[in-house]
Amino acid sequence: MKPLLLLDVDGVLNPMGPAAAGYRRYRCTIGAEVYTVHLNPAHGRRLLELALNTGSELVWATTWEHHANEWIAPRIGLPTLPVIPMSPDAPSEHGEMFKTPHVAAYVGRRPFVWFDDQVWAEDEEYLRVHQGLENFLLVHVDPAEGLTSRHLGMAEKWLTLSGFSQGPERI
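What the sequence shown shows, in the working numbering, is residues 6 to 176, in sequence order.
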């Protein structure tokens, strides 16, 4: 079973602070809504390298859902990725974020790294205690800063040291 690399958009790939060097501004229209996003094209290459080096699969874990494949992926150089369906319909039972039960249902027993700006101790407790999951790393990303080399390094180190890394894939 390949480990999963779960990606959020807002606060992770689209920081909430002022756009730093390397980021480009885009206007995205979804239905009647227009969004301004700041994206770093280098993120796609770096995420693909992480997935390749660890034998992992990239998956969207964002309220953008399939819109991430339409608006985010092509602007940072990612292919179409699987999407975890999200709906804010279920209230939190144990203090976890609304996305966390959806993530738990999707990952099953697969090891995963989740990059998100809203994962906290309550999410870890929910996954471990209420879902019985053991093999995961929650990487909290500062939403003002977005995804950094440090976050990617944490994921690669955890996947490698935990023995979940399957090494570079051969195509």
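Idealized CB from N, CA, C, for every residue including glycine.
Bear in mind that the values here come from a model prediction, so they are computed numbers and not experimental data.
Item to complete: Would you decide whether residue 39 is buried or exposed? Buried here means 16 or more other CB atoms lie within 10 Å of its CB.
Response: For this step, residue 39 is matched to residue 34 along the sequence shown. By the neighbour-count rule (16 or more Cβ atoms within 10 Å), residue 39 is not buried but exposed.
Item to complete: Could you pull the start and end residues of the alpha helix (DSSP H) that residue 65 belongs to?
Response: As a working mapping, residue 65 is identified with position 60 in the sequence shown. No alpha helix (DSSP H) contains residue 65, which is instead part of the beta strand (DSSP E) from 62-65.
Worksheet item: Who are the near neighbours of residue 176 in its chain, counting only those whose CB is closer than 7 Å to its CB and skipping five residues on each side?
Response: Position 171 of the sequence shown, counting from 1, holds the residue named residue 176. Caution applies to residue 176, whose pLDDT of 33 falls short of 50 and renders its modelled position unreliable; the model cannot decide the point.
Worksheet item: What whole-angstrom Cβ distance do residue 119 and residue 144 have, given they're in contact under 8 Å?
Response: Here residue 119 corresponds to residue number 114 of the sequence shown, with the count starting at 1. Here residue 144 corresponds to residue number 139 of the sequence shown, with the count starting at 1. Residue 119 to residue 144, Cβ: 7 Å. Contact.
Item to complete: Have a look at 108, 62, 24, 58 and flag the residue whose alpha-carbon is nearest the alpha-carbon of residue 44.
Response: To locate residue 44, count along the sequence shown from 1; it is residue 39. Check the Cα spacing between residue 44 and each of 108, 62, 24, 58: the tightest is with 24.
Item to complete: Have a look at residue 52 and residue 158 and give me their C-alpha separation to the nearest angstrom.
Response: For this step, residue 52 is matched to residue 47 along the sequence shown. For this step, residue 158 is matched to residue 153 along the sequence shown. Each residue's alpha carbon lies about 11 Å from the other.
Worksheet item: In chain order, which continuous runs of the alpha helix (DSSP H) of length 4 or greater are located wholly inside the stretch 38-85?
Response: Counting only runs of 4 or more, we get 47-59, 78-81.
Practice prompt. Select from 22, 36, 28, 62 the residue whose C-alpha is nearest the C-alpha of residue 169.
Written response: Your numbering for residue 169 matches position 164 in the sequence shown. Comparing alpha-carbon positions, the option among 22, 36, 28, 62 lying closest to residue 169 turns out to be 62.
Worksheet entry | Collapsed DSSP secondary structure at residue 175 in the structure displayed | Walking along the sequence shown from the start, residue 175 turns up at place 170. With a pLDDT of only 38 at residue 175, under 50, the local geometry of the prediction cannot be trusted, and the value read off the model is given with reservation. If DSSP states are grouped into helix, strand and coil, residue 175 belongs with coil.
Worksheet entry | Residues that DSSP places opposite residue 153 in a beta bridge | Reading the sequence shown from its first residue, position 148 is the one you call residue 153. According to DSSP, residue 153 bridges with nothing at all.
Discussion item. Tell me whether the stretch 80-91 and the stretch 121-139 touch, counting them as touching only if at least three CB pairs, one residue from each stretch, are closer than 8 Å.
Written reply: Not touching, per the Cβ criterion.
Worksheet item: Of the residues 32, 48, 57, which one's Cα is nearest the Cα of residue 156?
Response: Translated into the one-based positions of the sequence shown, residue 156 becomes position 151. Ranking the options by Cα distance to residue 156, first place goes to 48.
Item to complete: Would you kindly work out how many angstroms separate the C-alpha atoms of residue 165 and residue 67, rounded to a whole number?
Response: Counting from 1 along the sequence shown, the entry for residue 165 is found at position 160. Counting from 1 along the sequence shown, the entry for residue 67 is found at position 62. Those two C-alpha atoms are separated by around 25 Å.
Fill in: Alpha-carbon to alpha-carbon, residue 104 and residue 94
Within the sequence shown, residue 94 is the residue found at index 89, counting from 1. Within the sequence shown, residue 104 is the residue found at index 99, counting from 1. When rounded, the separation of the alpha-carbon atoms in residue 94 and residue 104 is 10 Å.
Item to complete: With a cut-off of 8 Å on the beta carbons, I'd call residue 70 and residue 91 a contact; round off their distance for me.
Response: Mapped onto the sequence shown, residue 70 falls at position 65. Mapped onto the sequence shown, residue 91 falls at position 86. Between residue 91 and residue 70 the Cβ distance is about 6 Å, and since that is below 8 Å, they are a contact.
Worksheet item: How would you call residue 59, buried or exposed, if buried means at least 16 neighbouring beta carbons within 10 angstroms?
Response: One-based indexing of the sequence shown puts residue 59 at position 54. It counts as buried.
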